[in-house]
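Engineer: Quick one: this structure, given as structure tokens, is what I'll be asking you about.
2 protein chains.
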Amino acid sequence: MLVDDNFYMSLAISEAWKYQLLTYPNPAVGAVVLKNDELLSIQAHKCAGEAHAEVLALKEAYLKKYPNDLLSKIVDVFEIHNYLVSNTKGFFEDCTIYVSLEPCSHLGKTPSCAKLLESLKIKKLIISCKDDSKKASGGAEILQNKGIEVKYSCMQKEGYELLYPFLQWSKKSFVFFKMAQTLNGTINGGKISKKQTLKYVHSLRSKIDLLCIGGNTVRQDKPILDTRYVQNGINPDILIYSKQKSFDKSIALFNVLNRNVCINDNLDKLNNSNFVMIEGGYKLLEILKNKIDYVILLITPEMKFGLNYISKMNLNFKIIHEHYIVDDKIVFLKFIQ
Amino acid sequence: MLVDDNFYMSLAISEAWKYQLLTYPNPAVGAVVLKNDELLSIQAHKCAGEAHAEVLALKEAYLKKYPNDLLSKIVDVFEIHNYLVSNTKGFFEDCTIYVSLEPCSHLGKTPSCAKLLESLKIKKLIISCKDDSKKASGGAEILQNKGIEVKYSCMQKEGYELLYPFLQWSKKSFVFFKMAQTLNGTINGGKISKKQTLKYVHSLRSKIDLLCIGGNTVRQDKPILDTRYVQNGINPDILIYSKQKSFDKSIALFNVLNRNVCINDNLDKLNNSNFVMIEGGYKLLEILKNKIDYVILLITPEMKFGLNYISKMNLNFKIIHEHYIVDDKIVFLKFIQ
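Protein sequence lines correspond, in order, to chains A and B. Read left to right, the first sequence gives residues 1 to 337 (our numbering). Read left to right, the second sequence gives residues 1001 to 1337 (our numbering).
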């Protein structure tokens, strides 16, 4: 395998995928720092409001060389920025930074990453995707104007796939369909996913603006659809997709604090929310397939007899990414028409 | 993500998995070269009789720094060894080599890797698994006796999983079950896998000592089970697992040159061959599950109605590894009892 710019960018992109969707409303971004030719750090943005990928990668890179430095104790993003600018004396001047997305030019919840990289006088910036958003674009130009070399479009296709959910929810809405299954596609028969995977689902629920679920599932399974497996989880509002409007209101999901539940068979509401998760089975997947950006399969490595796909129509996908949640798999899919 | 010895060893191990089983009767092995702290190469052993992982990694490392060196033209393993020893003047003396398996101590089809590393006076050797085979063990000791630092057991669990097929076929036999399916576990309905995946299956068929298939599949599908998609492929001998011994001998698989076909319902023959592939569906998988080391699923990203698993007994697996063959997936599974 060739050890080149593509290789290092792919490390940044892979790292970022671990936090895909969880960074909402921010994009998932990964960064890598090379000092001369030594790989020092691989980092990713983890949560909106927290440090950007570049900042975490710079911090880790410096600590790799000076593990006992005061910097290890600093958590606040503004303080990390200031510390890096004031206390790293030329350390980054022979560094190349790989970032999957052009560093932000603006002061938002965190200071501008482009200005930080400019202050540190890094040797070279390599980016996968340009940031075309109104408020954050122009970061690479700031560096170029200071004579810092910038290389664009490294692993651009892969960088775009990583950025895709962000592009969708920034424009209008990003809708994904989550389904838990066995290796052979069975979707019924009690809890399929393992604890760690359920935790991940609850993290997603805590980020989304709206959770959509089919009326039959509500009637049969009586799910609570809350976020009890994560700390300080926010319980999402619910859209029950159902023609028939009468439900037993004692079902748990109707009795969660600070939650709106709406029952409707008009799906326009999906596009009124920026970040929507649909939980369901094959039937709902087939009905809603034209409204879905991603299908996320949580696969437990088991073969089991049970409910499976029975429509005559084949559904074709492209695997966008996948990784493990302990022993389960998470697979990100896009429909191919 | 921490950039440490485990990180570099995992690069070596991942690279080796791309050639898992295809190196038979050799083990799948990966190697990485770091010069001071600069990552120079990631390589793997690809085919028995060709260069070992260490040799390929050393060659690529040197060429990374001297891309126009004569070495780039040398392919013969003995010549690469000689060239590295005679023409790289101290280049590797500040290099750390990561290898998933202890370098071989003996002269076999290729020269001893341990002696090569000793001649090059590398700084440090890091290995995942010791080589306990009679003929190749003792490589690390050769280096230690020359004062070269050796670190053992780096990512040992992952290194062991990579080595597992080799350990099995060296001891008695390694038997794997190959099945092609859709994302939802459907296994019928014409060709499931894409061209590239079929090519991979034919490469496997060309390596194995015996191919086992169920009698009903032979009767219904009339497969030829040859290796026409690979160059110079060797058509494997066949064991048809069937109680009923009469078959229409005009079926293509009976008419392949230099092939033995045996019809039997006694499966002892599986353990008389070192490297066995079983091709079949869920029924055969369930019947033979106690005789299988690996299940290899080739998954095409499609959902489709069709034949699926219908037994009442759940089958539980651990995912050992997986990667892509273009757009299809290959998943290596072990049964969990």
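Glycine included, C-beta positions come from ideal geometry on N, C-alpha and C.
Can you have a look at A:A252 and say buried or exposed, based on whether 16 or more other CB atoms are within 10 angstroms of its CB?
Structural biologist: exposed
Engineer: Beta-carbon separation of B:F1275 and B:P1025 under 9 Å?
Structural biologist: yes
Engineer: From the DSSP output, in three-state form, read off A:V256 for me.
Structural biologist: Three-state result, A:V256: coil.
Engineer: With A:K64 and A:S86 assumed to form a contact (beta carbons below 8 Å), what rounded beta-carbon distance in angstroms separates them?
Structural biologist: Incorrect: roughly 20 Å between the Cβ atoms, too far for contact.
Engineer: Quick one: residues in its chain with C-beta nearer than 7 Å to the C-beta of B:G1049, no 5 flanking neighbours on either side, listed in chain order?
Structural biologist: K1109
Engineer: Using 8 Å for Cβ pairs, my map puts B:N1184 next to A:N308. What's the rounded Cβ distance?
Structural biologist: 6 Å
Engineer: What distance in whole Å lies between the Cβ atoms of A:G139 and A:C104, which are believed to be in contact at a cut-off of 8 Å?
Structural biologist: Between A:G139 and A:C104 the Cβ distance is about 6 Å, and since that is below 8 Å, they are a contact.
Engineer: Check the C-beta distance from B:L1288 over to B:I1330 and give it rounded, since I have them as a contact under 8 Å.
Structural biologist: That belief does not hold up - the Cβ atoms of B:L1288 and B:I1330 are roughly 20 Å apart, past 8 Å.
Engineer: Hey, A:I126 and A:K146: beta-carbon distance below 9 Å or not?
Structural biologist: Contact annotation: A:I126 and A:K146 have beta-carbon atoms that are not nearer than 9 Å.
Engineer: Could you say which of B:L1315, B:D1037, B:A1031 and B:Y1294 lies nearest to B:F1166 if we only look at CA atoms?
Structural biologist: When each option's Cα is compared against that of B:F1166, the closest is B:Y1294.
Engineer: Taking Cβ to Cβ, would you say B:A1016 is nearer than 9 Å to B:H1045?
Structural biologist: It is a contact, given that the beta carbons lie within the stated cut-off.
Engineer: Would you call the region 229-246 of chain A and the region 198-213 of chain A in contact, with 3 or more CB pairs under 8 Å?
Structural biologist: yes
Engineer: At the 9 Å Cβ level, is B:D1327 part of the contact set with chain A, yes or no?
Structural biologist: Closer than 9 Å to some Cβ of chain A, the Cβ of B:D1327 qualifies, so yes.
Engineer: Should B:N1274 be flagged as near chain A, meaning a C-beta pair shorter than 9 Å?
Structural biologist: By this cut-off, B:N1274 is not an interface position.
Engineer: Taking buried to mean at least 16 other C-beta atoms within 10 Å of its own C-beta, is B:S1112 buried or exposed?
Structural biologist: Taking all protein chains shown into account, B:S1112 has 16 or more neighbouring C-beta atoms within 10 Å of its C-beta and is therefore buried.
Engineer: What is the residue span of the alpha helix (DSSP H) that A:K109 lies within?
Structural biologist: Counted as a single uninterrupted DSSP element, the stretch harbouring A:K109 is not any alpha helix (DSSP H), since DSSP gives it neither H nor E.
Engineer: For A:N316, list the residues DSSP reports as bridge partners.
Structural biologist: B:E1302
Engineer: Could you please give the first and the last residue of the uninterrupted alpha helix (DSSP H) stretch that includes B:S1206?
Structural biologist: K1195 to K1207
Engineer: The beta strand (DSSP E) spanning B:G1214 covers which residue range?
Structural biologist: L1210 to G1214
Engineer: Could you confirm whether any beta carbon from chain A is found closer than 9 Å to the beta carbon of B:V1003?
Structural biologist: Judged by the 9 Å Cβ criterion, B:V1003 is in contact with chain A.
Engineer: Under the rule that 16 or more other beta-carbon atoms within 10 Å means buried, what is B:D1268, buried or exposed?
Structural biologist: exposed
Engineer: Rounded to a whole number of angstroms, what is the C-alpha to C-alpha distance between B:I1310 and B:C1154?
Structural biologist: 42 Å
Engineer: What are the boundary residues of the alpha helix (DSSP H) that includes B:F1176?
Structural biologist: Where B:F1176 is concerned, there is no enclosing alpha helix (DSSP H), although the beta strand (DSSP E) it sits in stretches over F1174 to T1182.
Engineer: Exposed or buried, which one is A:E149 when buried takes at least 16 other CB atoms within 10 Å?
Structural biologist: Counting Cβ neighbours within 10 Å, A:E149 comes out exposed, since fewer than 16 surround it.
Engineer: Can the beta-carbon of B:S1100 be found less than 9 Å from the beta-carbon of B:A1012?
Structural biologist: yes
Engineer: If the cut-off is 8 Å on Cβ atoms, which residues from the region 293-315 of chain A count as contacting chain B, listed in chain order?
Structural biologist: L297, P301, E302, M303, K304, F305, N308, Y309, I310, S311, K312, N314 and L315
Engineer: For the region 177-189 of chain A, which residues have a CB atom closer than 8 Å to at least one CB atom of chain B, in sequence order?
Structural biologist: Taking 8 Å as the upper bound on Cβ-Cβ separation, chain B lies near residues Q181, T182, L183, N184, G185 and T186 of the region 177-189 of chain A.
Engineer: Under a Cβ-count criterion, where at least 16 other Cβ atoms within 10 Å of its own Cβ denotes burial, should B:Y1008 be classed as buried or exposed?
Structural biologist: buried
Engineer: Spatial neighbours of B:V1230 within its chain, please: CB distance less than 8 Å, with the 5 preceding and 5 following residues excluded, ordered by chain position.
Structural biologist: K1199, H1202, S1203 and S1206
Engineer: Given this structure, state the Cα-to-Cα distance separating A:F78 from A:C47, to the nearest angstrom.
Structural biologist: 16 Å
Engineer: Looking at chain A, which residues of the region 1026-1055 of chain B have a Cβ within less than 7 Å of any of its Cβ atoms?
Structural biologist: D1037, E1038, L1039, L1040, S1041 and I1042
Engineer: Along the chain, where does the beta strand (DSSP E) that runs through A:L101 open and close?
Structural biologist: C95 to L101
Engineer: Within 9 Å (strictly less), CB to CB, does A:K59 reach chain B?
Structural biologist: no
Engineer: Could you tell me whether the Cβ atoms of B:S1193 and B:V1218 are closer together than 9 Å?
Structural biologist: no
Engineer: Name the two residues that bound the continuous beta strand (DSSP E) containing B:S1128.
Structural biologist: K1124 to C1129
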